[in-house]
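Residue numbers (the UniProt record's numbering): 1 to 373.
Cβ atoms here follow ideal geometry from the backbone N, Cα and C, with glycine treated the same way.
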């Protein structure tokens with residue numbers, strides 16, 4: 001090995017004049033640039049392209065640019081190529097799960113691929129939401145989530161593992177639902193004004209129950225707009241929050257209509273106000289806040305979102321198909337029975353709504369020193 005190494009080090013390239021003259025003819029393209037053709041390759045010659053032809057450089061540049069865009073365009077045009085998953089960050093059942101299943105039923109035939117609902121609950125909807133935020137942005141894994149993980153978690157959770165406007169691409173709202181201010185059937189107040197007057201008597205020890213911090217934010221905003229006085233009493237979920245009113249531990253609650261629909265219809269709870277712009281068809285005698293002189297409209301919503309980076313063409317197609325689906329008469333009828341209003345908008349409008357609501361509730365939380373974690 002040592003002698004071989006010495007032989008390698010002692011080798012020296014011969015001078016230019018020492019090279020024997022080549023007897024092989026130059027390839028045609030070197031003899032005449034204008035004769036560049038396949039004959040060069042057929043003759044065994046290899047020709048490097050020259051760069052003195054500006055037209056050729058332009059063509060090559062355009063081809064390179066076009067090639068760079070092919071994967072993205074092809075991916076968008078071919079979508080979907082497999083099953084589409086609608087991830088719901090809650091357990092099965094409830095309004096958000098229902099909306100996902102209704103939407104999935106209509107999207108499947110429109111997209112030509114199966115659309116399945118996958119429930120990934122946990123940590124206040126953080127588990128499922130983060131899962132989609134980290135998913136491949138190819139339009140095959142989507143999120144159907146309420147305003148909770150998209151608007152309220154950024155306000156209330158100090159170390160949220162995702163950013164709704166940086167890690168997710170809003171596609172469209174799909175439905176909205178208001179909240180109802182309800183009291184026990186034996187409660188003396190029959191209007192919002194009477195409730196406010198009653199609450200100002202400290203001897204009554206006014207308080208309210210709520211199932212999650214997002215409801216507390218709305219109630220605190222309502223208190224600031226009306227002068228209502230009431231201590232907040234948190235409960236873990238809708239059922240215990242409602243039960244607290246039914247057992248008269250607290251006189252009132254603010255909650256969505258779904259969990260209390262049967263109690264309202266049976267007359268065991270009384271609705272004093274609804275937070276929507278218009279009265280609900282199911283409860284035509286319940287006035288809105290605006291009708292009672294309070295300039296406040298609050299609707300919780302459910303929307304469709306994709307991972308950030310999803311091609312714009314896919315987002316656009318999803319929005320168009322979602323708008324068609326949610327406008328179908330059978331969908332409208334099915335959702336109105338559970339007090340959900342089908343609502344769709346553009347990706348840009350949806351993104352603006354998210355940003356505006358985060359700003360609003362951040363201020364309310366700051367004013368009332370509200371923090372979930």
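Could you tell me if residue i is buried or exposed, where buried requires 16 or more neighbouring beta carbons within 10 angstroms of its beta carbon?
i: residue 168; result: buried
i: residue 303; result: buried
i: residue 224; result: exposed
i: residue 199; result: buried
i: residue 96; result: buried
i: residue 13; result: Low confidence applies to residue 13: its pLDDT is 42, below 50, so where it sits in the model is not reliable, and the reading given next is rough at best. It counts as exposed.
i: residue 333; result: exposed
i: residue 356; result: exposed
i: residue 220; result: buried
i: residue 319; result: buried
i: residue 92; result: exposed
i: residue 276; result: buried
i: residue 46; result: Any reading at residue 46 must be qualified, since the residue scores a pLDDT of 35, below 50, and its modelled position is unreliable; the value itself is stated next. Classification for residue 46: exposed.
i: residue 311; result: buried
i: residue 367; result: exposed
i: residue 203; result: exposed
i: residue 226; result: buried
i: residue 148; result: buried
i: residue 231; result: exposed
i: residue 216; result: buried
i: residue 109; result: exposed
i: residue 214; result: buried
i: residue 322; result: buried
i: residue 239; result: exposed
i: residue 244; result: buried
i: residue 201; result: exposed
i: residue 32; result: Residue confidence for residue 32 is low, a pLDDT of 42 falling below 50, so the modelled location carries little weight; the figure read from the coordinates is stated next. It counts as exposed.
Per DSSP, which residues does residue i bridge with? Please list them.
i: residue 152; result: Bridge partners of residue 152: none, in fact.
i: residue 288; result: 274
i: residue 402; result: The structure shown does not extend to residue 402, since the chain is modelled only from 1 to 373, so the question has no answer here.
i: residue 119; result: 88
i: residue 330; result: Answer by DSSP bridge pairing: none, since residue 330 is not bridged.
i: residue 232; result: 208
i: residue 183; result: 252 and 270
i: residue 141; result: 85
i: residue 200; result: According to DSSP, residue 200 bridges with nothing at all.
i: residue 306; result: 169
i: residue 78; result: BP columns for residue 78 are empty, so no partner.
i: residue 146; result: 302
i: residue 164; result: None; residue 164 has no bridge partner.
i: residue 341; result: 176
Compute the distance between the beta-carbons of residue i and residue j, then report whether it is under 9 Å.
i: residue 254; j: residue 294; result: no
i: residue 210; j: residue 241; result: yes
i: residue 118; j: residue 88; result: yes
i: residue 111; j: residue 100; result: no
i: residue 354; j: residue 151; result: yes
i: residue 316; j: residue 182; result: no
i: residue 142; j: residue 102; result: no
i: residue 351; j: residue 165; result: yes
i: residue 145; j: residue 122; result: no
i: residue 281; j: residue 336; result: yes
i: residue 195; j: residue 189; result: yes
i: residue 153; j: residue 126; result: yes
i: residue 249; j: residue 233; result: yes
i: residue 82; j: residue 140; result: yes
i: residue 104; j: residue 212; result: no
i: residue 193; j: residue 292; result: yes
i: residue 132; j: residue 305; result: yes
i: residue 313; j: residue 79; result: yes
i: residue 184; j: residue 120; result: no
Below 8 Å on the Cβ atoms is my contact criterion, and I expect residue i with residue j to pass it. Report the Cβ-Cβ distance as a whole number of Å.
i: residue 287; j: residue 137; result: That pair is no contact at about 45 Å.
i: residue 301; j: residue 176; result: 4 Å
i: residue 272; j: residue 191; result: 6 Å
i: residue 178; j: residue 207; result: Not really, about 22 Å apart at Cβ, beyond 8 Å.
i: residue 106; j: residue 331; result: 7 Å
i: residue 222; j: residue 296; result: 6 Å
i: residue 84; j: residue 115; result: 5 Å
Residue i CB to nearest chain D CB: under 9 Å?
i: residue 79; result: No chain D appears in the structure shown, which is made up of a single protein chain.
At a cut of 8 Å, does the region 342-349 reach the region 323-333 through at least three beta carbon pairs? The region 342-349 vs the region 323-333: in contact.
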